[in-house]
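S.K.:
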Amino acid sequence: MKKITIIVLFYLFSSVTYALFEVQKIADNVYALVGELSQRSKTNLGNNSTHGVIITSAGVVLIDSGASYLGAKEIHKAIQKLTPMPVKIVINTGGQDHRWLGNDYFQKLGARIISSSKTKIDQQARADEQIARLNILIGDSLKGTKPVPALETFDKKMQVDFGGINLELYHFGAAHTVGDIVVWMPSTRTMFTGDMVFNNRMLGIGPAKDSQSWINAFEKMASFKPKHIIPGHGNVSDLLFATHNTYDYLVFLKTKISKILENDGNMLDASKIDQSNFHYLKNYESIAGKNAQWVFEEMEFDD
Ligand SMILES: [Zn+2]
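Here it is as structure tokens:
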């Protein structure tokens, strides 16, 4: 615990808050924009998420474009506080609204938009559903939002060499969404994980609802031994902290549900699992029970 506290403090010291985001510096020219941990709202413009910014000699690489047109504009404003360079590449790490509904804004500014092929299909399939939900949650703040799925795609791995920076993009299988990818920056040992890692707040098993695949994908990500994790939600951290917040929770749920299934237990037993070891994660009250039910459904089906 002591180690985790020290690391969190270090990152707080090297951060400033601008507009909707706390800007956390990871290395020279590498930043995280950390949004709110709570639900999408009119004031956060749907950006209850963390985004990555890499400034190169040829322009900016942005990891995840925000949940709305106005949300993308706000991300752009935060970037403009860091550099006058234009955003040239946007990478969507998954199919959730905050990963891609700002694509239209950045595409109009001339950016390339990259994702996995599975994410592009996911974006196309869930666009209407996401817009409908955001209409309820953020209302007027959705103004001007036009869903534009990624334009360049890859299946498993893509190398992006740009402005003197080398990035490796990997799709290891479904995690939070079916097409989730990670972005590996070897020169700073930084891993941009998108929704594969939730820090400081409790993850949701859906939409992919494949916790075993998420566990496997996390292990592949962790095998790179990253020094810095820029998560999909919450603060920048080391791998240990991300593992506690995401991987350990997934393994905990699967282990508990396995025992229930071995004893011919049911969904009600799943909802009674004591998850209080993870109560420190924000949104614990609203999502812990649902997660147990989802993993139960998934594992019952697997049997
Ligand atoms: Zn997310």
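For the sequence shown, the positions run 1 to 303 when full-length UniProt numbering is used. Every residue, glycine too, gets a C-beta built ideally from N, C-alpha and C.
Roughly how many whole angstroms lie between the Cα atoms of P84 and S115?
M.R.: Computed Cα separation, rounded: 25 Å.
S.K.: What's the gap between the Cα of I205 and the Cα of G164?
M.R.: If you take the alpha carbons of I205 and G164, they lie about 37 Å apart.
S.K.: Going by other Cβ atoms of all chains shown within 10 Å of its Cβ, with 16 needed for buried, is Y280 buried or exposed?
M.R.: Flag for Y280 reads exposed.
S.K.: Per DSSP, what kind of secondary structure is A127 in: helix, strand or coil?
M.R.: The answer is helix: DSSP assigns A127 an H, G or I state.
S.K.: Can we count D64 as close to ligand 1, meaning its CB is less than 6 Å from some heavy atom?
M.R.: The answer is no for D64.
S.K.: Name the residue from M185, R189, A174 whose alpha carbon lies nearest to the alpha carbon of D195.
M.R.: Of M185, R189, A174, the residue nearest in Cα terms is A174.
S.K.: Using the rule of at least 16 other Cβ atoms within 10 Å of the residue's Cβ for burial, across every protein chain shown, is E74 buried or exposed?
M.R.: With 16 or more other Cβ atoms within 10 Å, it is buried.
S.K.: Q96: beta carbon under 6 Å from a heavy atom of ligand 1?
M.R.: At least one heavy atom of ligand 1 is nearer than 6 Å to the Cβ of Q96, so yes.
S.K.: For G52, count the other beta carbons within 10 Å of its own beta carbon; 16 or more makes it buried, fewer makes it exposed. Which is it?
M.R.: It counts as buried.
S.K.: Compute the minimum distance between the beta carbon of D122 and the heavy atoms of ligand 1, and state whether it is under 6 Å.
M.R.: It does not: the Cβ of D122 is nowhere closer than 6 Å to a heavy atom of ligand 1.
S.K.: Quick check: what's the CA-CA separation for P186 versus N166?
M.R.: So the alpha carbons of these two residues sit roughly 7 Å apart.
S.K.: Hey, would you say the C-beta of D180 is under 6 Å away from at least one heavy atom of ligand 1?
M.R.: No, the Cβ of D180 stays beyond 6 Å of every heavy atom of ligand 1.
S.K.: Answer yes or no: do A58 and V90 have a C-beta to C-beta separation smaller than 7 Å?
M.R.: Contact flag unset, no.
S.K.: Is D195 close to ligand 1? I mean its beta-carbon at under 6 Å from any heavy atom of the ligand.
M.R.: Indeed, a heavy atom of ligand 1 lies less than 6 Å from the Cβ.
S.K.: Mapping DSSP to helix, strand and coil, what is K88?
M.R.: Strand.
S.K.: Enumerate in chain order the residues of its own chain whose CB-to-CB distance from L169 is below 6 Å, with the five nearest sequence positions on each side excluded.
M.R.: M158, I181, V183, listed in sequence order.
S.K.: Am I right that G35 and S68 are in contact with their C-beta atoms under 8 Å? What's the rounded C-beta distance?
M.R.: With a Cβ gap of about 12 Å, G35 and S68 do not count as contacting.
S.K.: Going by the DSSP bridge assignment, what does F154 pair with across the sheet?
M.R.: Answer by DSSP bridge pairing, in chain order: S116.
S.K.: Check for me: the beta strand (DSSP E) holding A27 runs from which residue to which?
M.R.: Note, A27: beta strand (DSSP E), 21-27.
S.K.: Near L70, which residues of its chain fall below 6 Å by C-beta distance, leaving aside the five closest residues on each side in sequence?
M.R.: So the list reads L45, S141, once near-sequence residues are dropped.
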